[in-house]
Every structure is written in structure tokens, then in C-alpha cells.
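Residue numbers (our numbering): 5 to 126. Virtual Cβ for every residue (Gly too), placed ideally from N, Cα, C. Keep in mind that this is a model prediction, so the values were computed, not measured. Here is the structure we will look at, set down as C-alpha cells.
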Amino acid sequence: MTRSAEVAVFAGMRGPARTFTYLVPDGLALEPGHLVRVGLGQRPVPGVVISLDGAVERELRPVESLVHPLPLLRPHQLALAAWMAERYRCGLADAVRAMVPPALASRARASHLGTARGERSE
């Protein structure tokens with residue numbers, strides 16, 4: 005069954021509590037709260053799965069990979085992040101990022117940084 009995921013991406017974007025929709029590849033077991041890597045423009049960025057949907061009605065970019073095997077945030081934490089975004093007029097990704105351990109968010113970014121020769125380090 006083809007599913008989609010709403011992901012709050014950590015791309016330094018400001019604005020409303022907006023998420024992006026990605027295709028969940030077959031065999032990738034995702035839950036809300038998982039830290040993932042997704043493509044945004046020409047670069048991979050980390051993000052947190054906010055919700056899952058069973059219906060895919062359009063062509064979507066896939067989730068590239070799962071960064072951590074366990075969901076980092078529980079449903080009540082995701083609800084708190086949504087409230088924070090609404091109350092303090094910040095982006096949902098900013099509120100979610102405040103709850104993710106910095107070392108994991110850094111690890112999600114670092115695995116896609118270029119090496120000295122310009123190659124990907126994966």
C-alpha cells in the first residue's frame with residue numbers, strides 16, 4: 005500500500021507551520037515522530053514525520069532514509085510543537101527542532117555533507 009508522510013523539514017525556512025508531503029517507500033516502517041532525511045530542492049535535509057496518510061493522489065518525492073530507528077517524539081510532543089507554532093507564531097519545524105536532540109539533528113545533516121573531493125560521504 006502506498007503511503008505518504010507529512011514532514012516538518014529542518015531547512016532554516018521561516019514562516020507558517022508548514023509541512024511537506026513525501027512518499028513513504030515500500031518496506032520503510034515510519035511512524036509520526038521519526039527523524040528522516042528528505043530531498044528539498046537539490047539537497048537532502050533532516051525532518052520529523054508529523055503524520056502519515058494512506059492515500060497518495062499525486063507524484064511525490066520519496067523519503068530518502070530513516071535517521072534513527074525509534075520515533076524521537078511522541079504524539080503528545082508533536083501536539084505540543086503544533087501548539088507552540090500557533091501560540092508563538094514560529095514554524096512547526098522550529099518548534100519540532102527544539103525537541104530533537106542536537107546530536108541527532110547534526111548527524112542527519114553531516115552524513116550528506118561533501119568530502120574534500122566534493123564526493124558525498126555516505
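Legend entry - Rounded separation between W87 and Q81 - CA only: 10 Å
Could you tell me the alpha carbon to alpha carbon distance between E90 and T23, rounded to whole angstroms? 14 Å
Open item on the list: Looking at the strands, I want to know which residues DSSP matches up with A12.
Closed with: V52
Run through DSSP, which three-state label would D30 get?
coil
* Hey, P29 and S55: beta-carbon distance below 8 Å or not? -> no
For this session: Could you check which residue in L32, E68 and R62 has the C-alpha nearest to that of G43?
Result: E68
Residues bridged to T25 (per DSSP) | Looking at the DSSP assignment, T25 forms a beta bridge with E10.
Quiz item: Between which two residues does the alpha helix (DSSP H) containing V100 stretch?
Solution: L96 to R101
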